[in-house]
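Just below is one structure, and these are the notes that go with it.
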Amino acid sequence: MMIRARSIYATAALVCITSSASAQARCDPAQAIARVDHVPVAVRDLDAAARDFAAMGFSFKPGRPHPNSILNQHIKFRDGTEVELITATEPRDNLARYYIDFLREGEGGAFAAFDGAADSVLRAIHAIEPGARLEPGSYADGVGFPAGHPLRYLFFIRYRSRPIDLPEQVTHANTAARLRAVWLRTPDPRREQRMLERLGGCASRTVLPGGEAREVRLASTSVYLLPSRGRRMVAGVTLEVANLAAARQALHLPADAAMSGRDSRGEWLRVRPERAHGIWLELLQPADR
529 MMIRARSIYA
539 TAALVCITSS
549 ASAQARCDPA
559 QAIARVDHVP
569 VAVRDLDAAA
579 RDFAAMGFSF
589 KPGRPHPNSI
599 LNQHIKFRDG
609 TEVELITATE
619 PRDNLARYYI
629 DFLREGEGGA
639 FAAFDGAADS
649 VLRAIHAIEP
659 GARLEPGSYA
669 DGVGFPAGHP
679 LRYLFFIRYR
689 SRPIDLPEQV
699 THANTAARLR
709 AVWLRTPDPR
719 REQRMLERLG
729 GCASRTVLPG
739 GEAREVRLAS
749 TSVYLLPSRG
759 RRMVAGVTLE
769 VANLAAARQA
779 LHLPADAAMS
789 GRDSRGEWLR
799 VRPERAHGIW
809 LELLQPADR
């Protein structure tokens with residue numbers, strides 16, 4: 529088994545080695561083997577956070593108490609993507625301990641989760657990220673990184689079966705329709721970019737708060753990589769909306785709580801992190817709507 533595993537990873541490495549220029553020239557994000565699935569946002573008071581997001585026009589699918597003390601509420605979309613408000617009260621296992629330690633430094637995006645078949649993801653990235661490991665679970669399999677690894681805040685998951693969401697749970701007053709992108713701040717964007725490109729991602733330049741960034745497109749979603757002098761973190765999310773005017777009316781926020789603008793993607797409104805429990809919350813109406 530060990531010889532076979534090494535052979536698989538070596539083959540994957542050889543398949544992935546190519547010049548950056550030629551790879552990007554023929555890059556097709558529709559062929560990527562992963563996409564952004566959900567973003568867990570760690571909050572200190574789950575009920576208060578849910579009230580704040582409900583006041584911005586979001587509907588919820590109730591979560592449940594977990595044996596490890598984790599509590600959550602789901603902001604779900606029809607395509608299966610979501611933003612998850614989450615907290616933990618006791619360090620009963622490593623995951624609960626992660627959230628408790630994270631919240632000592634403040635609220636915000638604790639992870640970026642991608643949907644991707646575990647075996648395919650591991651084969652694709654193992655040559656450049658040997659710390660990646662399979663993490664089988666009771667309802668899903670995944671690939672993650674151990675505690676202390678620089679990419680601990682990223683993981684990949686493939687559900688054996690997705691739960692059914694009711695229409696009222698995926699219909700939002702602010703017309704949010706799907707999780708379009710996650711924003712990652714990192715001191716070395718090349719590391720995350722290289723890994724995402726191994727999964728079929730296509731990279732280009734974009735601009736977000738704080739300056740120029742890299743966009744890596746994965747299937748129907750994107751990852752924005754923002755250079756940062758601090759720790760790696762999930763800085764924000766982009767949600768696609770059907771009607772930005774309706775979204776503005778549903779937000780119920782003072783004028784200084786958000787900023788608005790337009791770029792090549794379309795028209796957007798960005799709620800500041802202090803109003804969205806530690807993340808930039810961008811609502812984007814695409815230019816073709």
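Using this note's numbering, the letters of the sequence shown correspond one by one to residues 529 to 817.
C-beta atoms are modelled at their ideal positions from N, C-alpha and C, and glycine is treated no differently.
None of these values were measured; they are calculated from a predicted model.
Just to confirm, is the Cβ distance from R798 to L781 under 9 Å? Walking along the sequence shown from the start, residue 798 turns up at place 270. Walking along the sequence shown from the start, residue 781 turns up at place 253. It is not a contact, given that the beta carbons lie outside the stated cut-off.
Could you spell out where the beta strand (DSSP E) holding L797 opens and where it closes? Translated into positions along the sequence shown, residue 797 becomes position 269. Counting along the chain, L797 sits inside the beta strand (DSSP E) bounded by residues 794 to 799.
May I ask you to report which of helix, strand or coil DSSP gives I603? Here residue 603 corresponds to residue number 75 of the sequence shown, with the count starting at 1. Correct three-state label for I603: strand.
Is it the case that the Cβ atoms of V765 and V567 are separated by a distance below 9 Å? Along the sequence shown, one-based indexing puts residue 765 at 237. Along the sequence shown, one-based indexing puts residue 567 at 39. For the pair V765 and V567, the CB atoms are nearer than the 9 Å cut-off.
Could you please give me the residues that DSSP links to A616 through a beta bridge? Indexing the sequence shown from 1 puts residue 616 at position 88. Answer is I598, bridged to A616.
What is the C-beta distance between L754 and L712, in whole angstroms, given that I count them as a contact (C-beta under 8 Å)? The count along the sequence shown starts at 1 and reaches residue 754 at position 226. The count along the sequence shown starts at 1 and reaches residue 712 at position 184. The pair is a contact, with the Cβ atoms about 7 Å apart (cut-off 8 Å).
Less than 8 Å separating the Cβ of F588 from some heavy atom of the ligand GDP? In the structure shown, the ligand GDP is absent, as is every other ligand, since no ligand is present at all.
Distance, Cα to Cα, R803 vs R632? Residue mapping note: residue 803 aligns to position 275 of the sequence shown, counting from 1. Residue mapping note: residue 632 aligns to position 104 of the sequence shown, counting from 1. Each residue's Cα considered, the two are about 19 Å apart.
In the DSSP assignment, the alpha helix (DSSP H) including V649 goes from what residue to what residue? Within the sequence shown, the letter at position 121 stands for residue 649. Annotation for V649: the continuous alpha helix (DSSP H) segment containing it runs 646 to 653.
Pull up the DSSP beta-bridge partners for G672, would you. As a position in the sequence shown, residue 672 is number 144, starting the count at 1. DSSP lists R661 as the bridge partner or partners of G672.
From L679, L599, S587, pick the residue whose C-alpha is nearest to that of R719; which is it? In the sequence shown, counting from the first residue as 1, residue 719 sits at position 191. The shortest C-alpha separation from R719 is found at L679.
Using only the alpha-carbon positions, how far apart do S689 and D643 sit? Position 161 of the sequence shown, counted from the start, is the residue given in the question as residue 689. Position 115 of the sequence shown, counted from the start, is the residue given in the question as residue 643. Approximately 12 Å, taken between the alpha carbons.
DSSP on E610, reduced to helix/strand/coil? Counted from its first residue, the sequence shown places residue 610 at position 82. In the structure shown, E610 falls within a strand segment according to DSSP collapsed to helix, strand and coil.
Straight-line gap, P593 to R800 (C-alpha atoms, nearest Å): Position 65 of the sequence shown, counting from 1, holds the residue named residue 593. Position 272 of the sequence shown, counting from 1, holds the residue named residue 800. Spanning the two alpha carbons is a distance of roughly 29 Å.
Is it right to say L574 is buried, meaning 16 or more other beta carbons lie within 10 angstroms of its own, or is it exposed? As a position in the sequence shown, residue 574 is number 46, starting the count at 1. Per the 10 Å Cβ criterion, buried.
Going along the chain, which residues of its own chain have a beta-carbon closer than 7 Å to the beta-carbon of D621, five neighbours each way excluded? For the purposes of this step, residue 621 is taken as the residue at position 93 of the sequence shown. Result list for D621: N596, in chain order.
Beta strand (DSSP E) segment containing L724, residue limits: The count along the sequence shown starts at 1 and reaches residue 724 at position 196. Not the beta strand (DSSP E): L724 falls in the alpha helix (DSSP H), residues 717 to 726.
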